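Chemist: Under my numbering, the letters of the sequence shown match residues 2 to 405, in that order.
Positions of the beta carbon are idealized from the N, C-alpha and C atoms, including for glycine.
For clarity, every value in this text was computed on a predicted model and none was experimentally measured.
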Amino acid sequence: MLWEMKKGAYRLNQSVMRTLSKTLKFTEPELLSGAGSVRRLPEKVKAKGISKVLVVTDKVLMGLGMLDGLLDGLKENNISYVVYNEVQPNPTIDNIESARKLYIDNDCRGVIAFGGGSSMDCAKTAAARVTNSNKTVSQMRGVLKIRKPLPPLFAVPTTAGTGSETTIAAVVTDPSTHEKYAIMDTKLVPIMAALDPELTIGLPTHITSTTGMDALTHAVEAYIGRNGTPYTDKNAEEAVKIIYENLEKVYKDGKDIEARNQMLLASYKAGIAFTRAYVGYVHAIAHTLGGLYGVPHGLGNAVVLPYILEFFGGSSYNKLAKLAVAAGLGKDGEPVEVLAESFIDSIKTMNANMNIPTGFKEIKADDVPLIVKRVLKEGNPGYPVPKIMNAEECTDIINKLMLK
Ligand SMILES: [Fe+2]
């Protein structure tokens, strides 16, 4: 009875948030798309009257010379730049504060985020701190806590998964508590994004697969949740279709430039869907395991996704059946249950085909209560999931995820 009342309160909270979110004005970045699009970005930066930028990236990309085209283009357009390349796989508050300091010390006028989700989220949060000096990063945690607009922010994703180039979210890690949390504000959406498949050609296969599964998780969680709209549903369906047509293709042949291009578009569309419709428990678990053990975000989502869909069972069958049709796994009119289950099975098959495990060796039995606490803190009532999970059900799933 108590649990039923609690669930009712969660649903009430979610419907209030859904009504509020309909009043928000979401923007989308101006898009540059296709091979070579990153080289067109500097002239766009210049056209905005910006003469000095902070470029936020990581050492690996810098070492591989991936930024050369962008930096040469900035020079050719007489735009000075400073590079912050210390972003860690899960960006920390120190990373964000160092990037912000570099921006201020060098009197920059705009920020270019170059990299995967970590670089983009670090750049977004550092830009937010530049104009919101009275709030710490942890004070921005949650929804709509950023007061002043960011400096002009440009995004260049080098993985096809996070969708951060079009989302209102930035995920940061607090190393003191090993906790990952999200900052969500419409002001965090970049004004421009370059989706250049040439930058994703050299990705290692395990990054290609897991970031692609992150994008799939965004589309699925947005689609089956209760905050979807016709616009987010359309983007989620398109993302799923593209991912099923291209992800295993790029996993096998990373140099397939058109398939790489399609995956960037899928990631972007999935980003459009989830930034408005939210994610769900898959992300809550992936964030918790990322914070506690450093499990990469995409890997966490890929592994957890089928378990959560099985937990939802019939509550998401209608939606999953539609996704199965979008994915080309069946046809409209076939039994919903059969289609939905074929969709869940296909995720397991994709994971297996791409050498993604079925659980995590990192999870320690002693940590399970803490994991459950954090997952439910993130998920309830925040995520408008099709079926609300309690501590017992969550414990059961975490136990299933534990590999010996
Ligand atoms: Fe994600």
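1) Check for me: the beta strand (DSSP E) holding glycine 292 runs from which residue to which?
2) Does at least one heavy atom of ligand 1 sit under 7 Å from the Cβ of threonine 174?
3) Name the DSSP beta bridge partners of serine 34, please?
4) Taking DSSP as the reference, what is the three-state secondary structure of alanine 274?
5) Measure the CB-CB distance between threonine 167 and glycine 117 and report whether it falls below 8 Å.
6) Using three-state DSSP, classify phenylalanine 27 as helix, strand or coil.
7) Run the CB neighbour count on serine 38, radius 10 Å, all protein chains shown included, and call it buried at 16 or more, exposed below.
8) Tell me which same chain residues have a C-beta within less than 7 Å of the C-beta of valine 283, skipping the five on either side of it?
9) Do glutamate 379 and methionine 193 have their CB atoms nearer than 8 Å?
10) On the three-pair Cβ rule with 8 Å, is the segment 198 to 211 touching the segment 259 to 271?
11) Can you confirm whether proline 198, when its beta carbon is compared against all beta carbons of chain B, has any partner nearer than 8 Å?
12) In the structure shown, what three-state DSSP assignment does lysine 365 receive?
13) Who are the near neighbours of glutamate 338 in its chain, counting only those whose CB is closer than 7 Å to its CB and skipping five residues on each side?
14) Would you list the residues sitting across from glycine 9 in a DSSP beta bridge?
15) Any chance the CB of asparagine 302 is under 7 Å from a heavy atom of ligand 1?
16) Does the beta-carbon of proline 43 have 16 or more other beta-carbons within 10 angstroms, so that it is buried, or is it exposed?
17) Assign serine 22 to one of two classes, buried (16 or more other C-beta atoms within 10 Å of its C-beta) or exposed (fewer than that).
18) Counting along the chain, where does the beta strand (DSSP E) carrying alanine 328 start and finish?
19) Let me check one thing: in DSSP terms, what residues is threonine 174 bridge-paired to?
20) Give the DSSP-derived three-state secondary structure of tyrosine 85 in the structure shown.
21) Identify whether proline 205 lies in helix, strand or coil by the three-state DSSP scheme.
22) Where does proline 385 fall in DSSP's three states?
23) Which of the three DSSP states, helix, strand or coil, is assigned to lysine 53?
24) For the putative contact between threonine 409 and lysine 26, defined by C-beta atoms under 8 Å, what is the C-beta separation to the nearest angstrom?
25) Compute the distance between the beta-carbons of alanine 100 and alanine 124, then report whether it is under 8 Å.
26) Hey, is histidine 1 close to ligand 1, as in C-beta under 7 Å from one of its heavy atoms?
27) I need the boundaries of the beta strand (DSSP E) containing alanine 156, first residue and last residue.
28) Grab me the residues of alanine 328's own chain with a C-beta within less than 6 Å of its C-beta, minus the 5 sequence neighbours each way, in chain order.
29) With distance defined between alpha-carbon atoms, name the residue in Leu293, Gly164 and Ile345 nearest to valine 369.
30) Just to confirm the assignment, what range does the alpha helix (DSSP H) spanning alanine 392 have?
31) Quick check on valine 17: does DSSP put it in helix, strand or coil?
32) Could you name the residues that DSSP lists as bridge partners for aspartate 59?
33) Considering only C-alpha positions, which residue in the set Gln89, Lys53, Lys362 and Lys332 is nearest to aspartate 106?
34) According to the neighbour-count rule (16 or more other Cβ atoms, all chains shown, within 10 Å of its Cβ), is tyrosine 182 buried or exposed?
35) From this set, Leu340, Val131, Lys60 and Asn391, which residue's C-alpha is nearest lysine 7's C-alpha?
36) Could you give the distance in angstroms between the alpha-carbon of lysine 49 and the alpha-carbon of methionine 121?
Modeler: So, to answer that:
1) Unbroken run through glycine 292 is the alpha helix (DSSP H), 282 to 294; no beta strand (DSSP E).
2) Not so, every heavy atom of ligand 1 lies at least 7 Å from the Cβ.
3) Leu196
4) helix
5) no
6) coil
7) buried
8) Thr218, Glu222, Asn302, Val305, Leu306 and Ile309
9) no
10) In this structure the segment 198 to 211 touches the segment 259 to 271; the number of beta carbon pairs closer than 8 Å is three or more.
11) Among the chains in the structure shown there is no chain B, since it carries only a single protein chain.
12) coil
13) Tyr318
14) Per DSSP, none; premise fails for glycine 9.
15) yes
16) buried
17) buried
18) It is not in any beta strand (DSSP E) - alanine 328 carries neither H nor E in the DSSP assignment.
19) Thr93 and Lys181
20) Strand, per DSSP.
21) The three-state secondary structure of proline 205, taken from DSSP, is coil.
22) coil
23) strand
24) Residue 409 lies beyond the residue range present for the chain, which begins at 2 and ends at 405; the question has no answer from this structure.
25) yes
26) Absent from the structure is residue 1, since the part of the chain shown begins at 2 and ends at 405.
27) For alanine 156, the uninterrupted beta strand (DSSP E) segment begins and ends at 154 to 158.
28) Val241 and Tyr245
29) Leu293
30) Taken as a continuous stretch (DSSP letters only), the alpha helix (DSSP H) holding alanine 392 covers 392 to 402.
31) Helix, per DSSP.
32) Glu87
33) Lys53
34) buried
35) For the set Leu340, Val131, Lys60 and Asn391, the Cα lying nearest the Cα of lysine 7 is the one of Asn391.
36) 20 Å
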